[in-house]
Every structure is written in C-alpha cells, then in structure tokens.
Amino acid sequence: MIRTHSPIFSAPTPAAIRRWLQLFGPVRLLLCGLAALVVILIEQLVLSQQEPVFDEAVLAWLGERIPEGIGRFLVLVYQVSGTRFTAMLVLAALIFLMIKRSWNQLIWLAIGTSGILLIVDRWLKPQFDRARPLGRLVEVIGRSFPSGHAAGAVVFYFLMCTILAERYPQLRRPLVLGSALWVGLIWVSTLYCRVHWLTDIIAGAAVGFIWLSICLTSLRFCADRQSG
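Just so you know, we're using our numbering here: the sequence shown kicks off at 27 and counts up by one.
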C-alpha cells in the first residue's frame with residue numbers, strides 16, 4: 027500500500043521548492059535550456075520549409091549506405107522497440123518495483139513513461155502537425171514532430187537504468203553503456219525505416235532529456251524526504 031503521507035502527494039512548500047531546485051542544479055538547468063532551444067530552432071528553421079532538403083538527404087544517404095542484411099535487422103529493432111513491446115517492458119518493470127515495494131521508484135517510472143506520451147502525442151505533435159517521410163518501410167500513423175519513439179526511449183531506458191543502478195551499483199557502467207547503445211540503435215532504426223526525419227529524432231531526444239531530468243530530480247527529491 028502506498029502511504030498517503032508520501033512527499034509525492036504533499037503540497038509543495040517554499041523550502042521544498044528550493045530543495046528541488048538545488049537538486050536540479052545549474053548544469054542540468056543549462057542543458058535543459060539548450061535542449062529547449064534546439065527544439066525551438068528546429069521549429070523555426072526547419073518546419074517552415076515546404077521540402078526538408080537536409081532531412082531527406084540524410085534518409086537517402088542512410089538508405090544507400092546500409093546493407094540489406096543490416097537493414098532487415100534495423101527494421102526488426104524498430105518493430106521490437108514499438109509501443110506494444112515497450113508497454114510490456116514498462117508493465118514488467120512496474121510489477122518488479124511493486125514486488126520490491128519500491129513505491130517511490132514505481133510512481134516516478136509510471137509518471138515518467140506516461141507523462142512523455144502525453145507531452146509528445148497529446149500536446150507537441152498536434153501543435154506542429156508535421157507529416158512523416160514518404161516511402162516508409164513499416165506502416166505507422168500519426169504526426170512526425172517531435173519523435174515520440176526517440177523521446178520515450180530516452181525517458182524509459184535511462185530512468186530504468188538509474189533505478190537498476192541504485193539497486194546494483196556494480197552494474198552501473200554496463201547499464202549506462204547498454205542503455206545508450208540500445209537507444210542509439212532505436213534512433214538509427216527509426217531513420218532507416220523512414221518513420222521520422224532526423225530533426226524529429228533530435229527534437230524528440232531533447233524533449234525526452236528535459237522530462238527525464240525533471241523525473242530524476244523528483245525521484246531523488248522524494249527519496250531524500252522519505253529517508254529524512
């Protein structure tokens with residue numbers, strides 16, 4: 027049972043807000059500001075173009091350079107990293123945390139993964155309404171900018187990486203390296219399948235980083251208050 031007096035459900039006080047901002051830190055704030063600036067610049071400079079010449083050139087270059095065998099593997103990576111499989115991973119992670127009675131981690135994993143879907147699919151994509159590339163290798167629907175695939179991968183895998191690294195500190199480096207390689211592979215597969223433009227991926231990664239930073243800070247903030 028989740029305790030109702032958990033700091034997650036407590037009304038914020040000035041002292042609590044100051045503590046949260048201290049945990050967030052100036053470096054992370056600067057990086058999040060730069061990430062937001064990247065999204066704004068892409069929106070201003072790229073989305074206004076009728077024909078995304080640079081984006082199209084990147085997709086064409088990838089299609090020409092990647093061998094057919096590797097291409098089939100990348101299509102499989104994209105399909106495996108899709109919404110249904112990722113939802114199963116999230117559910118398994120939530121059940122694991124429930125068994126371990128790690129309520130704080132469970133709540134912030136749920137907030138992180140569901141929140142990024144709402145931010146990208148319900149808020150940002152309708153605002154920009156960008157069409158996906160033509161000639162897609164897999165069937166997808168919906169708007170293109172920013173990439174929910176890229177944003178969701180950043181949030182889920184690195185949030186889960188942090189949670190697991192706290193439990194198994196000896197595995198921190200392989201967890202971080204494995205998460206980074208897998209997320210990068212997802213991005214490449216998304217481009218190869220022509221599901222998103224490169225600028226969609228960059229913007230999605232930026233949005234995912236901002237939301238991940240907020241969730242990680244909140245996770246640590248609540249853990250500190252519970253232990254204190």
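For glycine and all other residues, C-beta sits at the position ideal for the given N, C-alpha and C.
All figures in this text were calculated on a predicted structure; none of them were measured in a lab.
Nearest-angstrom beta carbon gap, residue j and residue i [assumed within contact, 8 angstroms]
i: Leu261; j: Phe247; result: Since the first residue of the chain shown is 27 and the last is 254, residue 261 is not available in this structure.
i: Leu73; j: Arg156; result: 6 angstroms
i: Trp237; j: Ile142; result: 5 angstroms
i: Leu224; j: Leu217; result: 6 angstroms
i: Val11; j: Phe182; result: Shown here, the chain extends from 27 to 254; a query on residue 11 therefore has no answer.
i: Ile167; j: Gln131; result: Not confirmed; about 33 angstroms, so no contact.
i: Ser239; j: Cys58; result: 6 angstroms
i: Val146; j: Val233; result: 6 angstroms
i: Val106; j: Val164; result: No, Val106 and Val164 are not in contact; Cβ-Cβ is about 12 angstroms, not under 8 angstroms.
i: Ala296; j: Leu135; result: Residue 296 is absent from the structure shown; the chain starts at 27 and stops at 254.
Buried versus exposed, by CB contacts within 10 Å (16 or more), residue i
i: Ser215; result: buried
i: Gln229; result: The sequence shown places Ala at residue 229, rather than the Gln named in the question. The residue is buried, with at least 16 neighbouring Cβ atoms inside 10 Å.
i: Met114; result: exposed
i: Arg162; result: exposed
i: Ala206; result: exposed
i: Gln255; result: With the chain running from 27 to 254 in the structure shown, residue 255 is simply not present.
i: Ser170; result: buried
i: Leu123; result: buried
i: Trp213; result: buried
i: Asp250; result: exposed
i: Pro78; result: buried
i: Gly174; result: buried
i: Tyr194; result: exposed
i: Ile227; result: buried
i: Leu242; result: buried
i: Lys126; result: exposed
i: Pro172; result: buried
i: Ile43; result: exposed
i: Ile66; result: exposed
i: Ile121; result: exposed
i: Val209; result: buried
DSSP three-state assignment for residue i, whether helix, strand or coil
i: Lys151; result: helix
i: Gly255; result: Look at the range of the chain in this structure, 27 to 254, and you will see that residue 255 is not part of it.
i: Ile167; result: coil
i: Gly51; result: coil
i: Gly141; result: helix
i: Arg98; result: helix
i: Leu135; result: helix
i: Gly161; result: coil
i: Glu90; result: helix
i: Pro40; result: helix
i: Ser128; result: coil
i: Gln75; result: coil
i: Arg246; result: helix
i: Arg251; result: helix
i: Arg156; result: coil
i: Cys58; result: helix
Secondary structure, alpha helix (DSSP H): runs of 4+ residues fully inside the segment 173 to 237
Those alpha helix (DSSP H) runs which fall completely within the segment 173 to 237 and span 4+ residues are 174 to 193, 198 to 218.
Cβ pair count under 8 angstroms reaching 3, the segment 175 to 184 against the segment 135 to 149:
Contact holds: three or more Cβ-Cβ distances are below 8 angstroms.
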